[in-house]
Amino acid sequence: MGRRALQIATAALALVPILTGIITMLGVSDPLYAGSGVPALPVLDSNLRFFGGVWLGLGFALLWLVPRIESESVLFRVVWGAIFLGGIGRLLSMAMVGLPPLPFVGFTALEVIGAPLFVYWQQRVATDGRR
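Residue numbers for the sequence shown, in our numbering: 2 to 132.
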């Protein structure tokens, strides 16, 4: 799996934080939270919107590095490292609060298992590009 496949996978996955980041910036009015009866607490709404913006920024960062994916190792690792840490947060939530809806369990797997695999894949592409 080479450079082009990594570019396509990264661009496709970048759309997830871009789209969900925009939606999450709706705060507790986000359809996911509004539908589950989450209270409209100012601190919760503020944090959801903030993290939605950060998530959106990570998506734009992933999209930005796609054309130079083999030479942007540091940014690639930082973004996937942040996603990995988010997955660790989800694992903590699962252990301490309980399981979220099934799609979020899948997101957690992508974040905790997929992130290191993407970093490894990018390293292989970068190494092959130097030969």
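Just so it is clear, CB atoms sit at the ideal spot from N, CA and C, and this is done for glycine as well.
Gly28 is positioned such that its CB atom lies no closer than 8 Å to that of Leu59. In this structure, the CA atom of Gly87 is about 12 Å from the CA atom of Phe105. Gly36: member of the alpha helix (DSSP H) spanning Pro32 to Gly36, first to last residue.
In the three-state reduction of the DSSP assignment, Arg131 falls in the coil class. Cβ neighbours of Gly130 within its own chain (closer than 8 Å, five residues either side excluded): Arg4, Glu71 and Ser72. The beta carbons of Leu7 and Gln123 sit closer together than 8 Å.
Distance from the CA of Pro40 to the CA of Asp31, rounded to the nearest whole angstrom, comes to 12 Å.
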